[in-house]
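Quick notes on the structure that follows.
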Amino acid sequence: MIPFMRQPLTASLTGLGLFCLLCLLPVGCSQQESSPVAEQQNAGLTTLTIGLIPEQNIFAQKKRYEPLLAYLAKQLDVAIEIRILPRYGNIIDNFNELGLDGAFFGSFTGALAIDKLGVEPLARPQYLNGSSTYYGMVFIRKDSGIRTARDMQGKRMVFVDRATTAGYLLPLSFFRTIGIENYTTWFDKYYFSGTHEDAINDVLNGFADIGAAKDTVFYRMAASDTRIARDLEILATSPHVPANGLAVRHDLPDSLKQALQQQLLTLHQNDQGRQILKILEVGKFLKTSREDYQPVFDYATAIGLDLKTYNYLND
């Protein structure tokens with residue numbers, strides 16, 4: 479493994495772009511009169527709109543998050559509507575335009591949103607292995623013969639999205655460490671798959687020679703598809719960055735922000751909450767603040783990115 483950050487390996491739905499119009503999905507609304515406590519928490523709000531990034535295909539993304547948001551809707555006595563965004567960058571461009579109250583941001587979109595939109599992080603998941611972070615990886619097929627920068631020249635590279643840490647920024651840094659300064663001319667072809675799942679599948683199925691994605695999706699897929707561990711090899715891994723967490727607009731009522739955060743932080747303390755966490759494949763949620771995104775800010779500074787002016791839209 480090339481020393482980008484050493485991590486041993488232990489173990490396409492690209493056509494969805496045709497479907498990826500903005501999906502508005504209501505997941506919960508109380509028909510009962512609000513209690514005085516709920517009215518105080520919600521300060522008159524009856525609906526929250528929460529955005530989701532396309533970490534995986536939109537059907538799987540909806541299936542994973544809908545039970546959680548339905549639970550929160552019931553506990554907070556508000557309706558919650560899900561907007562599944564077709565691209566990572568959309569969640570930054572459209573946060574205000576679509577009237578989002580919050581979103582489950584990736585680490586880099588979270589850092590961008592903190593810088594550009596002033597959102598406030600509330601909570602992020604702690605995975606079953608005890609980690610609340612993830613890392614990026616660059617991978618190939620074992621039979622590709624690719625090991626060095628020279629081997630990569632003229633090959634096909636699949637990224638996820640310019641607005642992802644694991645699926646673009648971290649592999650970009652890796653390429654620079656091995657002498658690839660301009661990937662746009664080094665590879666015969668490069669493209670953005672839109673999801674981590676698609677990037678992994680494209681390399682697995684021979685549509686691309688080199689790919690980048692996040693470890694949590696890689697190992698989740700590997701648990702159900704033995705070809706991933708058998709046929710793919712990880713060349714390098716990145717530093718750890720915060721797991722996808724919920725951040726909300728800064729002018730949301732403080733009482734509602736506190737109630738929303740508290741519901742997430744105590745989810746593991748009741749049977750229904752534990753069932754929801756099982757669907758999400760996490761152990762619990764942890765309190766999260768801007769300071770938890772400092773590794774991303776530091777990373778951006780180290781490779782010369784100004785988050786306020788960075789062009790995160792795909793070619």
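No gaps in the numbering here: position 33 of the sequence shown is 511 in the working numbering, and each next residue is one more. Ideal Cβ positions, reconstructed from N, Cα and C, are used throughout, including at glycine.
Check: Over what stretch of residues does the beta strand (DSSP E) that includes residue 602 continue unbroken?; Outcome: 598-605
Check: Quick one: what does DSSP say residue 584 is sitting in, helix, strand or coil?; Outcome: coil
Check: Got a sec? Which residues, its chain only, sit under 7 Å from residue 534 by beta carbon, not counting five neighbours each side?; Outcome: 673, 674, 675, 695
Check: Work out the CA separation of residue 606 and residue 758 for me, nearest whole Å.; Outcome: 10 Å
Check: If I'm right that residue 791 touches residue 567 with Cβ under 8 Å, what's the distance once you round it to whole angstroms?; Outcome: 5 Å
Check: What three-state label does DSSP hand residue 567 in the structure shown?; Outcome: coil
Check: Report the partner residues of residue 635 according to the DSSP bridge assignment.; Outcome: 668, 688
Check: Out of 530, 574, 526, which one is the CA nearest neighbour of residue 564?; Outcome: 530
Check: Within 10 Å of its beta-carbon, does residue 499 have 16 or more other beta-carbons around it, so buried, or fewer, so exposed?; Outcome: With a pLDDT of 38 at residue 499, under the threshold of 50, the modelled position of this residue cannot be trusted; read the value that follows with caution. By the 10 Å Cβ count, residue 499 comes out exposed.
Check: Reducing DSSP to helix, strand and coil, say where residue 559 ends up.; Outcome: strand
Check: Can you tell me the Cα-Cα spacing of residue 731 and residue 613, whole angstroms?; Outcome: 33 Å
Check: Can you give the Cα-Cα distance for residue 515 and residue 555, rounded to whole angstroms?; Outcome: A caution first: residue 515 carries a pLDDT of 44, below 50, which makes its placement in the model unreliable, though a value can still be read off. Each residue's Cα considered, the two are about 10 Å apart.
Check: Leaving out five residues on either side along the sequence, give the residues of the same chain with a beta carbon under 7 Å from the beta carbon of residue 666.; Outcome: 632, 633, 634
Check: Taking Cβ to Cβ, would you say residue 551 is nearer than 7 Å to residue 763?; Outcome: no
Check: Quick test of your reading: residue 638 and residue 719, contact by CB under 8 Å. State the CB separation rounded to the nearest angstrom.; Outcome: Incorrect: roughly 14 Å between the Cβ atoms, too far for contact.
Check: Ordered along the chain, which non-local residues of its own chain (more than five positions away) have a Cβ less than 6 Å from that of residue 686?; Outcome: 634, 636, 680
Check: Give the C-beta separation of residue 588 and residue 627 to the nearest angstrom, bearing in mind that I take them to be a contact with Cβ-Cβ under 8 Å.; Outcome: About 31 Å; that fails the 8 Å criterion.
Check: How far does the alpha helix (DSSP H) with residue 573 in it reach, from first residue to last?; Outcome: That residue, residue 573, is in no alpha helix (DSSP H); it is neither H nor E in DSSP.
Check: Whole angstroms is fine: what's the gap from residue 684's alpha carbon to residue 532's?; Outcome: 23 Å
Check: Give me the DSSP bridge partner(s) of residue 762.; Outcome: 604
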